[in-house]
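Notes for the one structure printed next.
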Amino acid sequence: MSNKLNKRLAIGCISYINALPFSLGLAKRSDILLHTAPPADLIPKLLEKKLHYALASSLGSFIYPLNFFPEFGIAAYKKILSVNLYATPEFFAKGKPLIGVTNESLSSIHLLHILCKYLWNAPIPNSIRLPSNTLITASPGNYDGLLLIGDQALRHPNIPGFSTYDLAQGWYELTHLPFVFATILCPTLQKKEIVQDAFEHSLYQYESSPNEVLARAERQSKLPRKLIQEYYSLCRYRLKEDDHEGLQKFREYYSKIYEQT
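Under this note's numbering, the letters of the sequence shown match residues 7 to 267, in that order.
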């Protein structure tokens with residue numbers, strides 16, 4: 007790592023509003039250098055050791071040589087509103103549908119594959135990765151489906167010509183378990199206690215007094231406070247036994263699909 011990063015712990019965090027209960031507090035600490043980015047951009051930085059720790063895609067906890075903290079993450083039980091498949095009727099009828107996928111996604115595209123195969127009995131689609139801003143104006147004449155995540159999915163619960171499917175809801179229908187979208191990952195457990203305390207303190211501040219997070223989320227997302235409050239009520243930040251069961255089930259389904267291909 008560079009000398010600049012070595013002076014402080016370099017911690018990455020998802021740049022969406024769902025991570026603000028962690029990132030807002032982390033950004034205030036003098037011993038932490040915070041880097042925010044979409045989920046797909048954080049794992050490579052961990053693997054290159056440009057970050058010491060990151061709240062990043064849960065997929066990284068089992069397909070890469072990374073450690074993870076079991077206490078914290080971002081999980082959803084029954085629905086989430088910010089991880090959506092937008093599908094035409096042809097998506098479920100074609101032999102090999104084509105979808106546009108946000109280039110910010112990592113775990114969510116694999117969750118979609120699992121739901122296609124094991125819940126909907128639909129073919130795993132071909133996908134083209136595109137910027138989120140391109141997807142929200144996509145035509146059903148060009149794509150059978152679209153996958154959006156994060157703040158853009160929250161801003162666009164519906165896209166003309168497509169029906170919306172909440173992937174956390176689909177996961178619950180398949181497993182009756184929560185889905186863990188993000189976990190705290192690290193290449194080594196350097197200064198683990200400091201990092202654990204930093205995440206705990208940030209989350210405690212949010213739980214005790216959420217107004218600062220809510221105000222920042224409003225400014226960042228341009229969404230109404232009521233929707234943001236509903237959204238945060240769906241996010242689980244302290245991972246429990248059933249969250250870990252859900253993560254293990256994700257790992258099992260992932261292995262099934264890719265062992266067969």
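Glycine included, every Cβ here is placed at the ideal spot set by N, Cα and C. Predicted model, so just to flag it, every value in this text is computed and none were measured.
The region 204-224 makes no contact with the region 139-149, as fewer than three CB pairs between them are under 8 Å. Between the beta-carbon of LEU52 and that of ALA46 there is about 12 Å, and that puts the pair past the 8 Å contact cut. Within the same chain, Cβ atoms closer than 6 Å to the Cβ of ASP249 are found at ALA81, PRO184 and VAL186, the five residues on either side in sequence being excluded. Counted as a single uninterrupted DSSP element, the stretch harbouring ILE142 is not any alpha helix (DSSP H), since DSSP gives it neither H nor E. In summary, TYR210 is exposed, with fewer than 16 beta-carbon neighbours lying within 10 Å of its beta-carbon over all protein chains present. Rounded to whole angstroms, ARG242 and CYS192 show a C-alpha spacing of 21 Å. Between LEU65 and LEU121, the CB-CB gap reaches or exceeds 8 Å.
By the Cβ criterion, the region 84-98 is in contact with the region 163-173, since at least three pairs of Cβ atoms, one from each stretch, lie closer than 8 Å. Annotation: the continuous alpha helix (DSSP H) that includes HIS250 extends over 247-265. In summary, HIS116 is buried, with 16 or more beta-carbon neighbours lying within 10 Å of its beta-carbon over all protein chains present.
Under the Cβ criterion (8 Å, minimum of three pairs), the region 190-205 does not count as touching the region 100-111.
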